[in-house]
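Visitor: Just dropping this structure here.
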Amino acid sequence: MNKGRLSHPVLLAAALAAGSGSVEASPRGDRAFGEYLSAECVTCHQVTGRATGGIPPIVAWPEDQFIAVMQSYKAKDRDNNVMQTMAGRLSEDEIAALAAYFGSLPIQPLGN
Amino acid sequence: MMIDRRRLLAGSSAFTAAMCLGAPALLGQAKQRVVVIGGGAGGATAAKYIARDSAGALDVVLVEPASEFMTCFHSNLYLGGFRDLKSITHSYDKLTSAYGVRHNRQAATQIDRDKKEVVLADGSRLPYDRVVVSPGIDLKYDSIPGWSQEHEESMPHAWKAGKQTEILKARLAAVPDGGTIVMIAPPNPYRCPPGPYERVSMMAHVLKTAGKTKCKIMVIDPKESFSKQGLFQAGWEKYYPGMVEWLGPKIHDGLKSVDPRTNTVETGFETYKNAALVNVIPAQWAGRIARDAGLANGSGYCAIDPETMRSSVDANIYVIGDACIAGDMPKSAFAANSQAKVAALNLRAELTGARAFPARYANTCWSLIAPDDTVKVGGSYGAKDGKIAAITTFVSQTGETEAMRKEQQAENMGWYAGITSDMFG
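Chains B and Y, in that order, give the protein sequences.
Numbered according to the numbering used here, the first sequence spans residues 52 to 163.
Numbered according to the numbering used here, the second sequence spans residues 19 to 443.
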């Protein structure tokens with residue numbers, strides 16, 4: 052590869068943009084890490100996406116929405132001491148990993 | 019790029035491990051064997067997670083004599099008339115059909131740690147590479163003077179769900195107006211810290227609903243204080259005025275004895291004769307199989323490594339749930355379910371080379387005080403200074419709005435559906 056060409060600011064920017072684009076194509080968070088973290092969530096939130104009583108479904112959400120909701124709990128802008136406790140312990144990377152994992156799950160129809 | 023590299027590394031290490039560990043399987047020999055003892059919140063979760071996430075690489079046997087499991091959690095709601103028995107009873111069918119767990123319907127009687135075998139009631143033996151021990155608690159039948167196992171029908175404990183739960187409910191229904199109920203509460207540590215006090219609430223609710231408001235529930239407690247005490251006592255005052263009296267050891271001056279023939283309870287302060295119902299919740303310790311295997315210490319419970327849930331005395335054994343010493347975590351179904359996942363992850367990492375991550379634990383316990391009035395306590399936990407330590411905790415406050423308490427009851431019901439689906443679904 053031509054070292055001189057790559058160091059050109061415009062081309063470098065283009066290469067970085069292309070690189071970040073390819074990362075964007077896969078989930079922003081680490082899904083396997085998210086699956087491990089999700090163990091804490093699925094005691095209440097059903098992994099099938101079904102919901103009972105006062106525990107909402109959290110699968111198949113857009114990742115941005117998931118992240119925004121968790122950040123609101125972390126900042127205590129949203130009420131609920133269970134969720135504030137859970138979110139309060141999570142780093143930004145961990146929230147992103149959870150968003151990637153739950154976002155990738157399908158809502159399973161009844162009977163499965 | 020980091021993600022891809024990490025995945026690649028994880029994948030290659032798993033592949034290498036599979037090449038080494040899986041060699042016998044390639045030669046037609048048996049898979050590595052995991053035996054899970056006990057099909058409750060800890061054992062059912064562990065069996066499911068190990069079998070599901072190892073995708074056939076491990077042979078997972080759940081040793082549990084029952085064909086279905088009645089949950090101790092929410093059995094107070096059955097007592098209070100908020101649930102029927104069917105709704106707290108769950109089948110193991112999906113663990114076998116969907117995840118490949120083999121359900122051996124016998125009681126495990128012994129763990130032969132030298133031979134790495136679990137001995138079953140019929141004398142047969144199950145060899146293991148790793149065993150997950152989740153037997154729950156045993157009751158100390160000799161901890162209440164005058165009471166023993168032969169009296170558990172006349173003075174029920176109902177601290178293990180099943181026939182006892184039904185006996186207690188029938189006996190409660192038969193209490194006449196003006197009758198006295200005596201509950202003997204257990205000393206620490208015991209299964210479900212808020213459980214006795216939620217039960218008192220449910221008893222009072224049933225009596226009140228039946229118009230039997232002249233009844234009295236006396237709680238004889240060996241503890242100076244108890245879980246969510248302020249919340250329960252405020253609730254009893256609000257909903258069941260004059261019906262509940264809690265007596266700590268400084269007031270009752272010690273439980274002297276009970277007499278199951280005459281339904282008498284004698285304390286240093288007073289003797290309660292001809293009680294309409296005596297609910298004896300005795301002291302507890304780890305299930306016998308764990309103690310007999312030498313896994314428990316002088317406390318009667320089993321020490322574990324907080325990073326992995328591995329037994330402190332045997333590296334081939336994990337102890338989870340009520341039988342273990344879980345530091346700051348209470349003995350609850352939520353805690354057992356949480357510990358089971360940490361054990362499952364570490365066990366798979368050991369045997370199949372799966373990725374291991376740092377231990378994280380969580381717990382929440384909801385308690386129903388009256389219809390639509392539920393309080394909760396919980397926290398997030400991790401390994402610290404050799405034990406499972408609380409990182410953040412929370413508890414409901416007195417004076418919360420009715421709407422909030424009602425929402426918390428909806429959460430309670432949602433949690434039950436969630437955890438039972440996580441265990442059995």
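For every residue, glycine included, the Cβ atom is placed at its ideal position computed from N, Cα and C.
(1) So with CB distances below 8 Å, who are the chain Y contacts of GLN97 of chain B?
(2) Thinking CYS95 of chain B and GLY432 of chain Y are a contact (beta carbons under 8 Å), I'd like their distance in whole angstroms, please.
(3) Check for me: the alpha helix (DSSP H) holding ASP115 of chain B runs from which residue to which?
(4) Can you check whether the C-beta of ALA428 of chain Y is within less than 9 Å of a C-beta belonging to chain B?
(5) In this structure, how does DSSP classify ALA148 of chain B when only helix, strand and coil are distinguished?
(6) Let me check you understand the geometry: is the CB of PRO113 of chain B closer than 8 Å to at least one non-hydrogen atom of the ligand SAM?
(7) ALA64 of chain B by DSSP, collapsed to three states: which one?
(8) Extract the residue ranges of the alpha helix (DSSP H) inside the segment 164 to 200 of chain Y, only unbroken runs of 4 or more that lie entirely within it.
(9) List the residues that DSSP assigns as beta-bridge partners of GLU263 of chain Y.
(10) Using only the alpha-carbon positions, how far apart do ASN13 of chain Y and GLN124 of chain Y sit?
(11) Secondary structure at ARG423 of chain Y, three-state DSSP: helix, strand or coil?
(12) Going along the chain, which residues of the segment 116 to 149 of chain B sit with their C-beta nearer than 7 Å to a C-beta in chain D?
(13) Taking contact to mean 3 or more Cβ pairs, one atom from each stretch, closer than 8 Å, check whether the segment 353 to 368 of chain Y and the segment 147 to 157 of chain Y are in contact.
(14) Let me confirm a value: TYR434 of chain Y is counted as buried when at least 16 other C-beta atoms fall within 10 Å, else exposed. Which label applies?
(15) At a CB-CB cut-off below 9 Å, which residues of chain B make contact with ARG373 of chain Y?
(16) Less than 7 Å between C-beta atoms, sequence neighbours within five positions excluded: which residues of the same chain meet that for MET137 of chain B?
(17) Buried or exposed for GLY85 of chain B, going by 16 or more other Cβ atoms inside 10 Å?
(18) How far does the alpha helix (DSSP H) with PRO204 of chain Y in it extend, from its first residue to its last?
(19) Name, in chain order, the residues that DSSP records as bridge partners for SER109 of chain Y.
(20) Do you know whose CA, among B:SER89, B:ASN131, B:GLN135, B:ALA150, lies nearest TRP112 of chain B's CA?
(21) For chain Y, is any of its Cβ atoms less than 9 Å away from the one on GLY105 of chain B?
(22) Quick one, are the C-beta atoms of ILE202 of chain Y and ILE238 of chain Y less than 9 Å apart?
(23) Along chain B, which residues have their Cβ under 9 Å away from the Cβ of ARG378 of chain Y?
(24) May I ask which residues mark the beginning and end of the alpha helix (DSSP H) holding LYS256 of chain Y?
(25) Can you find at least 3 beta carbon pairs, one from the segment 282 to 297 of chain Y and one from the segment 262 to 270 of chain Y, that sit closer than 8 Å?
(26) With a cut-off of 9 Å, does the C-beta of ILE409 of chain Y fall near any C-beta of chain B?
(27) Anyone know if the C-beta pair for THR392 of chain Y and LYS424 of chain Y falls short of 9 Å?
(28) Counting only C-beta atoms, is ALA111 of chain B closer than 9 Å to chain Y at any point?
(29) In three-state DSSP terms, what is TYR379 of chain Y?
(30) Grouping DSSP H, G and I as helix and E and B as strand, with all else coil, what is PHE412 of chain Y?
(31) Relative to the C-alpha of THR326 of chain Y, which residue among Y:SER398, Y:GLU368, Y:VAL298 is closest?
(32) Under a Cβ-count criterion, where at least 16 other Cβ atoms within 10 Å of its own Cβ denotes burial, should ALA126 of chain Y be classed as buried or exposed?
(33) Is it right to say GLY29 of chain Y is buried, meaning 16 or more other beta carbons lie within 10 angstroms of its own, or is it exposed?
(34) From TRP177 of chain Y to GLY105 of chain B, what distance separates their C-alpha atoms?
(35) Could you compute how far the alpha carbon of ILE68 of chain Y sits from the alpha carbon of ILE162 of chain Y?
(36) Would you call ASP204 of chain Y buried or exposed, if buried means 16 or more other Cβ atoms sit within 10 Å of its Cβ?
Guide: Considering the structure as presented:
(1) Under the 8 Å cutoff, chain Y gives ALA435, GLY436, SER439, ASP440, GLY443.
(2) Correct: roughly 7 Å between the Cβ atoms.
(3) Note, ASP115 of chain B: alpha helix (DSSP H), 114 to 125.
(4) Judged by the 9 Å Cβ criterion, ALA428 of chain Y is in contact with chain B.
(5) Three-state result, ALA148 of chain B: helix.
(6) The ligand SAM is absent from the structure shown, which contains no ligand whatsoever.
(7) For ALA64 of chain B, the predicted structure reports a pLDDT of 39, less than 50, and the residue's modelled location is therefore unreliable. The matter cannot be settled from this model.
(8) Within the segment 164 to 200 of chain Y, the runs of alpha helix (DSSP H) that reach at least 4 residues and sit entirely inside it are, in chain order, 181 to 191.
(9) GLU263 of chain Y pairs with Y:MET236.
(10) Outside the shown range of chain Y, which is 19 to 443, sits residue 13 of chain Y, and nothing can be said about it.
(11) Helix, per DSSP.
(12) Of the protein chains in the structure, B and Y, none is chain D.
(13) Taking 8 Å as the limit for Cβ pairs, the verdict is that the segment 147 to 157 of chain Y does touch the segment 353 to 368 of chain Y.
(14) Within 10 angstroms of the beta-carbon of TYR434 of chain Y lie 16 or more other beta-carbons, which makes it buried.
(15) Result: ALA83, PHE84, TYR87.
(16) For MET137 of chain B, same chain residues with a beta-carbon under 7 Å away, outside a window of 5 residues either side, are GLU91 in chain order.
(17) Around the Cβ of GLY85 of chain B, a 10 Å sphere holds 16 or more other Cβ atoms; the residue is buried.
(18) That residue, PRO204 of chain Y, is in no alpha helix (DSSP H); it is neither H nor E in DSSP.
(19) Paired residues: Y:GLU86.
(20) When each option's Cα is compared against that of TRP112 of chain B, the closest is B:ALA150.
(21) Cβ-Cβ to chain Y under 9 Å: yes for GLY105 of chain B.
(22) Going by C-beta atoms, ILE202 of chain Y is nearer than 9 Å to ILE238 of chain Y.
(23) Identification of chain B residues near ARG378 of chain Y by a Cβ-Cβ cut-off of 9 Å yields TYR87, LEU88, ALA90, GLU91, ARG140, ordered along the chain.
(24) Run containing LYS256 of chain Y: 247 to 257, per the alpha helix (DSSP H) assignment.
(25) With three or more CB-CB distances shorter than 8 Å, the segment 282 to 297 of chain Y counts as touching the segment 262 to 270 of chain Y.
(26) Chain B has a Cβ within less than 9 Å of the Cβ of ILE409 of chain Y.
(27) Judged by their CB atoms, THR392 of chain Y and LYS424 of chain Y are nearer to each other than the 9 Å cut-off.
(28) False, the Cβ-Cβ gap to chain Y never drops below 9 Å.
(29) DSSP places TYR379 of chain Y in the strand class (E or B) of the three-state scheme.
(30) In the structure shown, PHE412 of chain Y adopts extended strand secondary structure according to DSSP, grouped into three states.
(31) Ranking Y:SER398, Y:GLU368, Y:VAL298 by CA distance to the CA of THR326 of chain Y puts Y:GLU368 first.
(32) Buried is the call here.
(33) Any reading at GLY29 of chain Y must be qualified, since the residue scores a pLDDT of 42, below 50, and its modelled position is unreliable; the value itself is stated next. By the beta-carbon neighbour count (other beta carbons within 10 angstroms, threshold 16), GLY29 of chain Y is exposed.
(34) TRP177 of chain Y and GLY105 of chain B: Cα-Cα distance of roughly 27 Å.
(35) Cα to Cα, ILE68 of chain Y sits roughly 40 Å from ILE162 of chain Y.
(36) In the sequence on display, residue 204 of chain Y carries Pro and not Asp. Classification of PRO204 of chain Y: buried, given that the 10 Å Cβ count is 16 or more.
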